[in-house]
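Participant: Residue numbers for the sequence shown follow the numbering used here, so the first one is 923 and each next one is one higher.
Think of the CB as a built atom: it goes at the ideal place given N, C-alpha and C, for glycine as much as any other residue.
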Amino acid sequence: MIIIDEASGANLIANGTYTASNITIFDEASMNAAFSVTTTEETPGIYLSLDILESQEKSYTVNLKTDAFFTMNMDIEKTGEGSECCGIDTEIDSISVSGATSEIDLENKMITLFII
923 MIIIDEASGA NLIANGTYTA SNITIFDEAS MNAAFSVTTT EETPGIYLSL
973 DILESQEKSY TVNLKTDAFF TMNMDIEKTG EGSECCGIDT EIDSISVSGA
1023 TSEIDLENKM ITLFII
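1. By the three-class DSSP mapping on this structure, what secondary structure does alanine 936 have?
2. Thinking C-alpha only, which one of Tyr969, Phe991, Lys1000, Thr962 is nearest glutamine 978?
3. Can you give, in chain order, each stretch of the beta strand (DSSP E) that sits fully within the stretch 965–991 and has at least 3 residues?
4. Could you say which of Ile947, Leu1035, Leu1028, Ser952 lies nearest to threonine 1012 if we only look at CA atoms?
5. Using alpha carbons as the reference points, say which of Asn985, Glu964, Asn1030 lies closest to phenylalanine 957.
6. What are the boundary residues of the beta strand (DSSP E) that includes serine 958?
7. Which of the three DSSP states is assigned to serine 943 in this structure?
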């Protein structure tokens, strides 16, 4: 996920506004979801670990500091058994976001969120 300031166009991960310490992500069972925040990649952002054993719909609530929160729903398809090092092979069939303006790029599995 890329978090963009809607007014300035700044990447709010790259500039340090949001860090791993002020972001929380919960799944539909209100359990903490595994994620990482990176500022060193070509595209600084939040990278979510999809922990699934079979094809399913997943819902996540993302909280950014106390400024904003949004919910995203994904339809994830298991496409192979994967490997011990890298987990199960998956494909994301659909993504929807509520609570924030967003652009979704399914091909690259990327969500861009625009924060006011």
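Facilitator: Inspection of the coordinates gives the following:
1. Note: alanine 936 maps to coil in three-state DSSP.
2. Selected option, being the one with the closest Cα: Lys1000.
3. Positions of the beta strand (DSSP E) runs, each at least 3 residues long and wholly inside the stretch 965–991, are given as 967–970, 978–986 in order along the chain.
4. From the listed residues Ile947, Leu1035, Leu1028, Ser952, the smallest Cα separation to threonine 1012 is found for Leu1028.
5. It is Asn985.
6. Its beta strand (DSSP E) spans residues 957–960.
7. DSSP places serine 943 in helix when its eight states are reduced to three.
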